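For reference, the structure discussed in these notes is given below.
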Amino acid sequence: MACSFIYIKPSYPLIFSTISSPSCKELFGICESIIKSEIMALSGKLIGYVEISKTGDVFHDLFRHNPHKIVEITPHKVHDCELHEGDRGVVGSIISWHYTHEGKKKICKQIIESVNEENHMIVFKVIGGELGEIYKSFTIIFHVEPKGDGQQVTWTFEFEKPDTSVPYPTSMMDYLCNLVKDLDAHNSDH
-3 MACSFIYIKP SYPLIFSTIS SPSCKELFGI CESIIKSEIM ALSGKLIGYV EISKTGDVFH
57 DLFRHNPHKI VEITPHKVHD CELHEGDRGV VGSIISWHYT HEGKKKICKQ IIESVNEENH
117 MIVFKVIGGE LGEIYKSFTI IFHVEPKGDG QQVTWTFEFE KPDTSVPYPT SMMDYLCNLV
177 KDLDAHNSDH
């Protein structure tokens, strides 16, 4: 018995195949596995860590309530933090970051999805700007946690790529980790 199926693989031409198989169920099981692996390749998670010398309260407060101070501390990287809706640091607030990344001025518009004050965690969902244009979805999680005798900032990106040609956001992770290092160096000096 021959079964026909159509399988659309992201960023590849439409593939039509006729396969002789004793069971169409087997064929559809194989297709389901292939499609699931393609979907998994499009969804990603990237985590970066930076050890810091200050307490989590300092960094959490900076990113939640005083992002405009980041502009003052690192004007060569972050040029503006514009509040569009709500109050600074409040869930549902919408902000835009204006920054230079890879030699280009860019914008990232975000909504604060959740805040955990006790665990120094903020979840930002990207809703516009270059990251919003490149990725189908992009969430940035900022978390300060204990590490040994000190503290560390953990950045987590959860994202979905529209197809396999879109790169993993490793350069953006490097950018944010270096930003934290700059902020920590400034805070250590003051």
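What the sequence shown shows, in the working numbering, is residues -3 to 186, in sequence order.
Virtual Cβ for every residue (Gly too), placed ideally from N, Cα, C.
Note that this is a predicted model, so its numbers are computed, not measured.
Exercise. Straight-line CA distance for Ile48 to Lys157?
Worked result: On the sequence shown, residue 48 is found 52 positions in, with the first residue counted as 1. On the sequence shown, residue 157 is found 161 positions in, with the first residue counted as 1. Those two C-alpha atoms are separated by around 31 Å.
Exercise. Mapping DSSP to helix, strand and coil, what is Tyr171?
Worked result: The count along the sequence shown starts at 1 and reaches residue 171 at position 175. Tyr171 falls in the helix class under three-state DSSP.
For this session: Quick one: give me the first and last residue of the alpha helix (DSSP H) that His61 is part of.
Result: Stepping through the sequence shown from its first residue, residue 61 is reached at position 65. Careful: His61 lies outside any alpha helix (DSSP H) and carries neither H nor E.
Problem set entry | Rounded straight-line distance, which links the Cα of Ser161 to that of Glu141 | As a first step, residue 141 is located in the sequence shown; it is residue number 145 there, counting from the start. As a first step, residue 161 is located in the sequence shown; it is residue number 165 there, counting from the start. Those two C-alpha atoms are separated by around 34 Å.
Exercise. Whole beta strand (DSSP E) runs in the region 95 to 130 with 3 or more residues, listed along the chain?
Worked result: 100 to 112 and 117 to 125
Exercise. Under a three-way DSSP split, which group does Val54 fall into?
Worked result: Locating residue 54 in the sequence shown gives position 58, counting from the first residue. Residue state, collapsed to three classes: helix.
For this session: Kindly list the residues whose CB is nearer than 7 Å to the CB of Ser19, restricted to its own chain and excluding five residues on each side of it in sequence; keep chain order.
Result: The residue you call residue 19 lines up with position 23 of the sequence shown. Its pLDDT being 49, under 50, Ser19 is placed unreliably by the model, and the measurement read from it follows with that caveat. In the same chain as Ser19, and ignoring 5 residues on each side of it, no C-beta atom comes closer than 7 Å to its own.
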